[in-house]
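Before any comments, here is the structure.
Listed below in structure tokens is the structure:
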């Protein structure tokens, strides 16, 4: 079945969009809160809790595609919803005065582990959308999630950090209902294939080796891999400590710092249908090139805002221009989301299409490609966050950390063919 034919039922598509919306609420509340909770509990190390989240993603996420291949989407996404709700509740509880510093810290770390399990499954929603309705469905699902990007941080703004986390947990529990409505039909359709799936591809070493061999002969697959890793790693490098840095270094209010992430989260998803249309019409290369241009501009702008050798000390001398730097920082964090949207949706479409064009048709074979891809993304994200913790000026050194990856994306974009790659095989035999 081609992408044009794989539309899924309207109920399934709407239910998947609702589930992703609520999952996005959880994710964005966790991103906005993790640095602030770490700052309050540990007096610094703003990335620490989010590193726990990403490390858990790395350990769990590399097997989730195989679990989907054997057990189906309902189990994975429904279980992740429960984990996300529990993780948010534990983060909120860690801020209670009823716990001492040590117990609060352990509670926050345990909650971050559960949020990592949720986020690993959250990353797979894009593949669920591709299987249910193709590239167009993926764009619709991401667009629907814009409300979640607004709702998660807004709960923290209106209710405060602790109560906002608790109510975000309640919203995540509700997601179990639309998950069941969206995925039961797909799971039933692939039950026979899943029953005969083999476990031989569960080794991450074997999955990475297969992905390496496939990428050698497919320039577009190489572009999808490099672009996916770069889009996520740099985005996390910038946004995870953003709220704490905005408050501590740029003298922004906590509300303004969270608002910047809120608008950023909105724009991560809002252009989804437009991006999907570009990918279907012109192929992913054009969308990736546009996203790369935005990333280059944002990285340079953040260096200018945060560097001791650049714009910030000049315009803020004697208290002048501080507002200008705050507005520039706000704008750069927001615009980064557009670049991420273009690069992430395009690379996802290219990865899935290239895998199927290369002969991967069964659940097990597709899971192997996805597993290796997720491993690369999570590993790079952890490495970027660990490096950022030891840098003297996070937004000065962002250029040094990001430049090689941006150059790699540019080279891969030049090597990839320009024909459309938007037609995705979405029905398994």
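Residue numbers (the working numbering): 1052 to 1480. Glycine included, C-beta positions come from ideal geometry on N, C-alpha and C.
Between residue 1162 and residue 1332, the alpha-carbon positions lie close to 42 Å from each other. Within 10 angstroms of the beta-carbon of residue 1209 lie fewer than 16 other beta-carbons, which makes it exposed. Annotated as proximal: residue 1134 and residue 1168, with beta-carbon spacing under 8 Å. Uninterrupted alpha helix (DSSP H) stretches at least 4 residues long and entirely within the stretch 1078-1160 occur at 1099-1122 and 1124-1145, given in chain order. Taking the CA atoms as reference points, residue 1383 sits about 16 Å from residue 1295. In the assembly as shown, residue 1454 is an exposed residue. Its beta-carbon has fewer than 16 other beta-carbons within 10 Å. Residue 1227: member of the alpha helix (DSSP H) spanning 1227-1240, first to last residue. Counting C-beta atoms within 10 angstroms of its own C-beta, residue 1204 has 16 or more neighbours from the protein chains shown and is therefore classed as buried. Measuring C-alpha to C-alpha distances from residue 1137 to each of 1337, 1116 and 1164 identifies 1164 as the nearest. In the three-state scheme derived from DSSP, where H, G and I count as helix and E and B as strand, residue 1441 is classed as coil.
When the alpha-carbon of residue 1272 is set against those of 1467, 1191, 1075 and 1105, the nearest one is in 1467. In the DSSP annotation of this structure, the continuous segment of the alpha helix (DSSP H) that includes residue 1204 starts and ends at 1197-1210. Where residue 1324 is concerned, the enclosing alpha helix (DSSP H) starts and stops at 1323-1333.
For residue 1352, the number of other beta carbons within 10 angstroms of its own is at least 16, and it is reported as buried. Sixteen is the threshold: since fewer than 16 other Cβ atoms of the shown chains lie within 10 Å of the Cβ of residue 1149, the residue is exposed. By the Cβ-count criterion, residue 1152 is exposed, with fewer than 16 other Cβ atoms from all chains shown falling within 10 Å of its own Cβ. Around the beta-carbon of residue 1256, fewer than 16 other beta-carbon atoms lie within 10 Å, marking it exposed. In the displayed model, residue 1175 falls within coil according to three-state DSSP, outside both helix and strand. Taking each of 1325, 1092, 1373 and 1145 in turn and checking the Cα distance to residue 1217, the smallest one comes out for 1145.
Between residue 1105 and residue 1400, the CB-CB gap reaches or exceeds 8 Å. Scanning 1322, 1307 and 1395 for the CA closest to the CA of residue 1380 turns up 1307. Exposed is the label assigned to residue 1458, since fewer than 16 other Cβ atoms lie within 10 Å of its Cβ. Residue nearest to residue 1325 within the set 1293, 1396 and 1279 is 1396 (criterion: CA-CA distance). Rounded to the nearest angstrom, the gap between the Cα atoms of residue 1304 and residue 1429 is 31 Å. The continuous stretches of alpha helix (DSSP H) do not include residue 1303, and DSSP gives it neither H nor E. Residue 1463 is positioned such that its CB atom lies closer than 8 Å to that of residue 1274.
Excluding five sequence positions before and after residue 1345, the CB atoms of its chain that fall closer than 8 Å to its own CB belong to 1386, 1387, 1389, 1390 and 1393, given in chain order. Around the C-beta of residue 1374, fewer than 16 other C-beta atoms lie within 10 Å, and the residue is accordingly described as exposed. Pairing residue 1080 with residue 1086, the inter-Cα distance amounts to about 11 Å. Going by C-alpha positions, residue 1131 is about 15 Å away from residue 1110. Residue range 1270-1290 is occupied by the alpha helix (DSSP H) that includes residue 1289. In the three-state scheme derived from DSSP, where H, G and I count as helix and E and B as strand, residue 1467 is classed as coil.
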